[in-house]
Amino acid sequence: MIDIRKAALAALILAAPATASAATVQLSKVLLDTESKPVAGRLKGGTLCVFPSDINVPKVKKTEEYERNDVLFTDRLKLAGYRVVTTSQDLFASANAANSADYLIGATIRPETMNLCSSVNGWKGEMIIEVEWQVYDRVAQKVVETLTTTGRGDLLKFNADGYNQIWNAAFRENLGHLVEQAAIRQHLGEPDAKIMADAQAAAAEKAAAEAAAIAAAEAAKQAKRKR
Numbered sequence: 188m189i190d191i192r193k194a195a196l197a198a199l200i201l202a203a204p205a206t207a208s209a210a211t212v213q214l215s216k217v218l219l220d221t222e223s224k225p226v227a228g229r230l231k232g233g234t235l236c237v238f239p240s241d242i243n244v245p246k247v248k249k250t251e252e253y254e255r256n257d258v259l260f261t262d263r264l265k266l267a268g269y270r271v272v273t274t275s276q277d278l279f280a281s282a283n284a285a286n287s288a289d290y291l292i293g294a295t296i297r298p299e300t301m302n303l304c305s306s307v308n309g310w311k312g313e314m315i316i317e318v319e320w321q322v323y324d325r326v327a328q329k330v331v332e333t334l335t336t337t338g339r340g341d342l343l344k345f346n347a348d349g350y351n352q353i354w355n356a357a358f359r360e361n362l363g364h365l366v367e368q369a370a371i372r373q374h375l376g377e378p379d380a381k382i383m384a385d386a387q388a389a390a391a392e393k394a395a396a397e398a399a400a401i402a403a404a405e406a407a408k409q410a411k412r413k414r
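Its first residue numbered 188, the sequence shown is counted upward by one per residue in the numbering used here.
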């Protein structure tokens, strides 16, 4: 005798459209290129940001620090709902994990504009950088997309780590423009809602911790002044 419920369930499964699992993606390498185009740079000094001078940026093509950029890449692509393979945040990742995703993305950074101010309190200012992204398909063993984005990073108050913060903000904005590209979704598939939700929760927790640390530091300064 045929079980009607089981038969109906089997029919539903057969009728459901097949969905390919979303592909994985990984940052492969980041290059800094200041040879291909001139960099417009101005540097001011002191807490009042006076005495402007041109920044003489050396012409180089070199590999940038991987770990810092990989963290930025991973956080932003997970926020967009993509499956990212990363080794920088995994204490036990093996050497085989490097360049193991379905798609590898290489980035060539070309700074365009730097307007900076340096003082005893650190750095502030803005940067605009262009990033050329190459998407490599490991199965096809070829570059399948080349995309170019531009992003801006700025910092209004002096900070001892201000230069890196400005650079990171500009790279992060480029990543935001990258995930907006239709070609990325074409290769990586539809974003995963759970990955996106988990990343949003982690970002909110990180922001709250940073805000608490800043508030505690400010409170400590105020207490010191009252002594």
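A virtual CB, placed ideally from N, CA and C, is assigned to each residue, including glycine.
Open item on the list: So, at 6 Å on beta carbons, what are the nonlocal neighbours of K248 in its own chain, with the 5 sequence-adjacent residues on each side left out?
Closed with: Counting only Cβ-Cβ distances below 6 Å, and skipping sequence neighbours, we find D220, E222.
Open item on the list: Just to confirm my understanding: we take G349, look at its own chain, exclude 5 residues before and 5 after, and list those with CB closer than 6 Å. What are they?
Closed with: Around G349: G309, W310, K311, L342.
TODO: Ignore the nearest five residues each way along the sequence and tell me which others in W354's own chain have a CB closer than 8 Å to its CB.
DONE: If the five residues before and after W354 are omitted, its C-beta is found closer than 8 Å to the C-beta atoms of M314, I316, G340, all from its own chain and listed in chain order.
- [ ] Starting from A209, trace the beta strand (DSSP E) both ways and give me its first and last residue.
- [x] That residue, A209, is in no beta strand (DSSP E); it is neither H nor E in DSSP.
- [ ] State yes or no: is the C-beta of V272 within less than 8 Å of the C-beta of Q321?
- [x] No, these two residues do not count as a Cβ contact at 8 Å.
- [ ] Just mark G268 as buried or exposed, buried being the case when its beta carbon has 16 or more other beta carbons within 10 Å.
- [x] Classification of G268: buried, given that the 10 Å Cβ count is 16 or more.
TODO: In angstroms with no decimal places, state the Cα-to-Cα distance between V307 and A347.
DONE: As the crow flies, the alpha-carbon of V307 is around 8 Å from that of A347.
Open item on the list: Just to confirm, is the Cβ distance from E319 to V226 under 8 Å?
Closed with: No, the Cβ-Cβ distance between E319 and V226 is not below 8 Å.
Task: Beta-carbon contacts of R211 that lie in its chain and below 6 Å, excluding the five residues immediately before and after - done: Looking at the sequence itself, residue 211 is Thr, so the reference to Arg does not match. So the list reads R270, V272, A288, D289, once near-sequence residues are dropped.
Task: Sufficient close CB pairs (3 or more, under 8 Å) joining the stretch 254–267 to the stretch 354–365 - done: Yes, they touch.
Task: Whole-angstrom distance between A370 and A197, CA atom to CA atom - done: Low confidence applies here, because A197 scores a pLDDT of 48, under 50, leaving its location unreliable; read the following figure in that light. Counting only the Cα atoms, A370 lies some 36 Å from A197.
- [ ] Measure the C-alpha to C-alpha separation of T295 and V217 and round it to an integer number of angstroms.
- [x] It is roughly 6 Å from the alpha-carbon of T295 to the alpha-carbon of V217.
Task: Within 8 Å, strictly: CB atoms of L334 and A209 - done: At a Cβ-Cβ threshold of 8 Å, L334 and A209 do not count as neighbours.
Task: With 16 other Cβ atoms within 10 Å as the buried cut-off, status of G233 - done: So G233 ends up on the exposed side.
Task: Sequence-distant residues of the same chain with beta carbon closer than 7 Å to D379, five excluded per side - done: Within the same chain, D379 has close Cβ partners A209, G268, R270.
Open item on the list: Let me make sure I understand the geometry here. Which of A389, Q387, S215, E252 has the alpha-carbon closest to that of N286?
Closed with: That would be S215, whose Cα lies nearest to the Cα of N286.
- [ ] Please go through the same chain and pick out, in chain order, the residues whose beta-carbon is closer than 7 Å to the beta-carbon of L259, but skip the five residues on each side of it.
- [x] Within the same chain, and ignoring the five residues on either side of L259 in sequence, the residues whose Cβ sits closer than 7 Å to its Cβ are N355, F358, R359, L362.
TODO: Give the range of the beta strand (DSSP E) segment to which N302 is assigned.
DONE: Counting along the chain, the beta strand (DSSP E) containing N302 begins and ends at 290–306.
- [ ] With DSSP collapsed to three states, give me the class of A347.
- [x] A347 sits in coil when the DSSP states are folded into three classes, being neither helix nor strand.
Task: Which listed residue (A410, F238, L303, L291) has its alpha carbon closest to that of Q352 - done: Looking at the Cα atoms, L303 is the closest of the given residues.
Open item on the list: For L418, count the other beta carbons within 10 Å of its own beta carbon; 16 or more makes it buried, fewer makes it exposed. Which is it?
Closed with: Lying outside 188 to 414, the shown extent of the chain, residue 418 is not represented and no answer is given.
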